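Chains as they are written, first to last, in our numbering: chain A, 113 to 403; chain B, 95 to 871.
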């Protein structure tokens with residue numbers, strides 16, 4: 113018999129270890145304990161935490177029952193998200209969008225992706241829209257006026273415009289935002305590639321370090337925002353020096369505040385290139401205020 | 095006795111160097127069971143791997159392991175193993191020993207094709223005929239003239255010309271034949287075997303193909319060092335509860351990968367020594383387009399086109415791979431270098447790679463120190479301590495540690511966190527000589543991500559709430575708890591390495607340290623133990639200080655320097671260490687309690703303090719009219735004091751009323767002691783050894799009833815005497831029975847008593863003694 117802890121408040125169950133995936137708990141922006149069951153889910157949490165339109169989110173909110181070939185099964189969405197506008201969304205992270213529902217009521221995932229998912233600690237999920245669980249979730253969401261959003265750990269190879277458009281949902285750079293405006297099919301596909309990857313992921317994991325309010329100094333923050341008021345982009349090194357000279361604060365303190373502002377999207381830069389190296393931020397990166 | 099080439103081993107001492115791969119043996123001296131020695135085990139030279147010999151004389155596929163001792167010692171039934179260099183010799187020996195079997199027959203060269211044997215016969219025949227011809231000619235020459243000089247080459251040419259008839263060959267060929275004849279010792283089978291092509295039974299795979307197959311087996315088949323368990327019902331193997339990938343699935347993966355890469359794979363021959371694992375990862379990742387890989391010239395030039403091995407070959411290879419106990423590491427290191435092995439099995443590297451600044455990733459783990467200590471009082475009770483350490487992945491600096499008597503639990507992890515978060519001053523924490531300069535500890539702060547193993551305690555609400563509440567509502571960093579995948583110890587390799595380092599030092603330095611795993615060594619260590627808890631604490635502390643300031647081979651500098659460099663002049667943000675914060679590191683009770691008129695109840699005790707008496711500080715009823723419930727934290731070592739929290743905010747401490755002393759303090763009682771006392775009380779109560787309240791009440795009620803009845807009887811008798819005939823009526827009315835044994839005398843006694851009392855009261859010269867004597871007699 114396995115001993116299991118009770119889940120955090122509001123969760124219907126504990127996440128269980130899945131292959132070689134690492135799991136854990138984080139505290140979200142509202143002080144709620146949120147579980148994640150794979151690194152892909154953790155990537156989504158980074159996005160939700162930064163998104164200013166998200167007021168709160170929780171993990172494993174409820175069990176949704178559905179019939180699959182006459183058998184009663186249960187599906188638990190990974191997260192529930194409450195937006196500032198009052199919308200409620202159920203989010204689920206799957207591994208691949210290419211799976212096909214075949215036989216025995218279970219998703220047959222291509223062998224290579226399955227194995228890769230196991231090895232890399234990604235959650236191997238179910239993806240096809242023809243799946244019984246998916247229709248059950250969509251039906252439930254439609255009934256409640258909610259939205260169901262599915263994310264894929266494995267990126268879909270979308271056209272460049274669409275890919276860029278997808279990022280408008282979670283703007284991370286001005287360049288991406290510009291390209292996003294050009295994307296016509298953005299709304300349809302944007303949720304499919306919303307998980308940060310590679311350089312952006314590395315940057316976010318490092319920027320997350322500066323999330324707490326203790327890293328913010330209001331005087332420094334005001335000075336920095338004022339300098340960037342006219343929509344101009346300033347290299348990080350230069351901005352650092354200017355703010356330090358205006359406020360008379362030591363550089364480490366100024367740096368902390370600027371990185372805190374970057375995490376909270378009060379400032380923005382191109383996160384698609386690696387910005388952190390040996391603990392220091394790239395001095396040549398251009399910083400600007402979001403639109 | 096065995097011949098020079100065949101031997102029954104009766105004396106184990108002289109057999110060790112006799113056995114060698116390629117030999118045959120019968121463990122029971124029976125022709126029905128014969129094995130072929132394939133190889134010695136590299137890990138354990140006393141173990142040999144052997145293949146069974148089929149009745150046809152060819153080798154089977156069943157591999158078995160034998161201890162050398164088994165090969166040269168008789169079994170329980172006294173049967174002595176027989177061993178020989180060839181199968182024929184073994185069979186002859188077995189036959190001479192009287193073992194007759196119908197199975198295996200002497201069939202030398204059974205696995206060699208007939209053509210090769212015929213050709214070997216031909217070689218032997220030619221060489222022997224020619225040599226005989228040469229010898230004959232030499233004798234003839236000597237017979238003719240003893241002093242004549244015999245010339246071998248003309249004689250050879252003559253023999254080749256005249257003695258071979260139709261099989262005549264040139265001299266060059268003859269020398270070739272003679273060479274083979276000598277090499278095979280004139281043995282037909284050996285010569286025939288030597289005629290096989292040089293690539294016989296050799297793999298035809300290219301280096302790139304071999305790397306490709308090995309990589310997939312290692313990554314997806316489950317790994318050589320995986321722990322398997324067998325389901326007795328289904329017979330299926332599992333990797334500690336998880337299904338293993340089947341060979342067919344692995345082969346499918348290989349096929350899909352080659353389809354995706356266009357049959358391209360990294361060629362170790364082109365990699366100049368070390369295979370680039372990043373390229374391998376990209377080739378195996380379905381997320382990375384091949385065009386991206388090929389677009390990089392540096393990577394593209396490492397690739398070569400390979401062909402997928404056949405399914406049959408793959409299965410055969412996999413079988414061989416599986417039957418190499420403990421050799422996976424050796425095989426991979428010998429083929430592709432240590433880096434490839436570490437990349438595959440030492441996943442901790444991920445943390446190290448991702449960490450870009452101190453405190454970003456911190457790994458924690460527990461370790462049972464390999465040294466016994468003794469208790470302070472008796473100095474005789476030997477016990478080992480658990481060490482809990484937190485280490486920073488970026489700088490490898492130790493953030494904090496704790497030593498605990500109990501096995502890993504919630505408190506030990508929280509205590510280590512408590513030690514890790516605030517700055518440490520070694521001069522205040524450990525004993526040192528006056529004037530001794532201690533190295534600074536350096537590293538401290540709130541970890542952003544704390545990686546722990548899957549211990550039950552690490553999933554506790556107490557730790558989760560601590561991780562949340564330490565952030566003080568988001569003002570400070572909160573701790574993200576990450577649990578490493580279960581049963582994959584290598585994810586914690588970063589800290590395991592530190593433990594290994596400490597273990598080595600402890601073994602070298604300390605009295606009472608355990609030198610080996612032998613039970614005897616444990617007993618010796620326990621006997622020699624003399625150090626106390628604080629000694630080990632000081633020693634471990636000093637070892638950590640040394641570690642912090644010693645150059646680390648992987649980062650090229652000391653952890654302390656790396657830490658300082660990584661902090662870039664910043665200081666970690668930590669909360670002030672006040673009473674409320676201190677209590678966050680106590681263990682949280684998994685539940686809540688209301689405050690009532692008796693205070694707060696927990697562990698079968700009532701707690702109270704002025705803090706919770708203040709309704710402004712700790713209101714009892716909420717705005718919804720319901721009782722407010724409070725959480726609390728406690729220490730197992732002392733449950734007489736609890737810290738009460740409301741929504742993560744410390745309200746105050748409460749003390750157990752029962753253990754409160756006159757001066758307001760409480761005597762410390764551990765949870766264990768209290769639970770034991772309660773359990774003991776319950777057992778005593780069950781066996782009737784202690785008075786219980788119900789019994790007391792029942793006793794009092796019964797006594798009261800009796801006394802009440804006596805009182806009524808006394809009053810009735812008195813009244814009867816005073817009023818005459820009314821007494822009987824009153825008796826009946828009051829239901830007093832006077833017939834019960836002895837009690838019918840009560841009215842007489844009462845009358846006498848009343849008279850005595852009256853007499854005494856009337857005559858004041860009576861003393862109490864006189865009255866009593868008068869009454870008695």
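For glycine and all other residues, C-beta sits at the position ideal for the given N, C-alpha and C.
None of the values given here were measured: they were computed from a predicted structure.
For chain A, find out if any of its Cβ atoms is closer than 8 Å to the Cβ of residue i; answer yes or no.
{"i": "residue 572 of chain B", "result": "yes"}
{"i": "residue 789 of chain B", "result": "no"}
{"i": "residue 460 of chain B", "result": "no"}
{"i": "residue 694 of chain B", "result": "no"}
{"i": "residue 874 of chain B", "result": "In this structure chain B extends from 95 to 871, so residue 874 of chain B is not present and cannot be described."}
{"i": "residue 451 of chain B", "result": "yes"}
{"i": "residue 725 of chain B", "result": "no"}
{"i": "residue 565 of chain B", "result": "yes"}
{"i": "residue 376 of chain B", "result": "no"}
{"i": "residue 503 of chain B", "result": "no"}
{"i": "residue 554 of chain B", "result": "yes"}
{"i": "residue 542 of chain B", "result": "yes"}
With 16 other CB atoms within 10 Å as the buried threshold, where does residue i fall?
{"i": "residue 115 of chain B", "result": "exposed"}
{"i": "residue 673 of chain B", "result": "exposed"}
{"i": "residue 831 of chain B", "result": "With a pLDDT of only 42 at residue 831 of chain B, under 50, the local geometry of the prediction cannot be trusted, and the value read off the model is given with reservation. With fewer than 16 Cβ atoms within 10 Å of its Cβ, residue 831 of chain B is classed as exposed."}
{"i": "residue 222 of chain B", "result": "exposed"}
{"i": "residue 780 of chain B", "result": "exposed"}
{"i": "residue 237 of chain B", "result": "exposed"}
{"i": "residue 603 of chain B", "result": "exposed"}
{"i": "residue 688 of chain B", "result": "exposed"}
{"i": "residue 399 of chain B", "result": "exposed"}
Nearest chain B C-beta to residue i closer than 8 Å, yes or no?
{"i": "residue 134 of chain A", "result": "yes"}
{"i": "residue 361 of chain A", "result": "no"}
{"i": "residue 173 of chain A", "result": "no"}
{"i": "residue 394 of chain A", "result": "no"}
{"i": "residue 355 of chain A", "result": "no"}
{"i": "residue 143 of chain A", "result": "yes"}
{"i": "residue 398 of chain A", "result": "no"}
{"i": "residue 325 of chain A", "result": "yes"}
{"i": "residue 246 of chain A", "result": "no"}
{"i": "residue 264 of chain A", "result": "no"}
{"i": "residue 321 of chain A", "result": "yes"}
{"i": "residue 259 of chain A", "result": "no"}
{"i": "residue 117 of chain A", "result": "yes"}
{"i": "residue 152 of chain A", "result": "no"}
{"i": "residue 311 of chain A", "result": "no"}
{"i": "residue 120 of chain A", "result": "yes"}
{"i": "residue 71 of chain A", "result": "In this structure chain A extends from 113 to 403, so residue 71 of chain A is not present and cannot be described."}
{"i": "residue 318 of chain A", "result": "yes"}
Would you say residue i and residue j are within 8 Å of each other, going by their C-beta atoms?
{"i": "residue 535 of chain B", "j": "residue 642 of chain B", "result": "yes"}
{"i": "residue 311 of chain A", "j": "residue 395 of chain A", "result": "no"}
{"i": "residue 635 of chain B", "j": "residue 479 of chain B", "result": "no"}
{"i": "residue 176 of chain A", "j": "residue 249 of chain A", "result": "yes"}
{"i": "residue 681 of chain B", "j": "residue 728 of chain B", "result": "yes"}
{"i": "residue 155 of chain A", "j": "residue 383 of chain A", "result": "no"}
{"i": "residue 732 of chain B", "j": "residue 703 of chain B", "result": "no"}
For a minimum of 4 consecutive residues, which ranges assigned as the alpha helix (DSSP H) are wholly contained in the stretch 118-161 of chain A?
none
In the stretch 648-675 of chain B, which residues sit with their C-beta less than 7 Å from some C-beta in chain A, listed in chain order?
660, 662, 663, 664, 667
Inside the stretch 220-278 of chain B only - alpha helix (DSSP H) runs reaching at least 4 residues:
246-256, 265-277
Residues in the stretch 575-603 of chain B with C-beta within 7 Å of chain A's C-beta atoms, listed in sequence order?
Within the stretch 575-603 of chain B, the qualifying residues are 575, 576, 577, 578, 579, 580, 582.
Residues of the stretch 360-389 of chain A whose Cβ lies closer than 9 Å to any Cβ of chain B, in chain order
Taking 9 Å as the upper bound on Cβ-Cβ separation, chain B lies near residues 362, 363, 364, 365, 367, 368, 388, 389 of the stretch 360-389 of chain A.
Could you tell me which uninterrupted alpha helix (DSSP H) segments, each at least 4 residues in length, are contained entirely in the stretch 361-410 of chain B, listed from first to last along the chain?
371-378, 384-389, 391-394
Determine which residues of the stretch 328-352 of chain A have a Cβ less than 8 Å from any Cβ of chain B, and write them out in chain order.
none
For the stretch 301-375 of chain A, which segments carrying the alpha helix (DSSP H) assignment without a break, of at least 4 residues, lie completely within its bounds, in sequence order?
For the stretch 301-375 of chain A, the full-length alpha helix (DSSP H) segments reaching 4 residues or more read 310-319, 330-339, 348-359, 363-375 along the chain.
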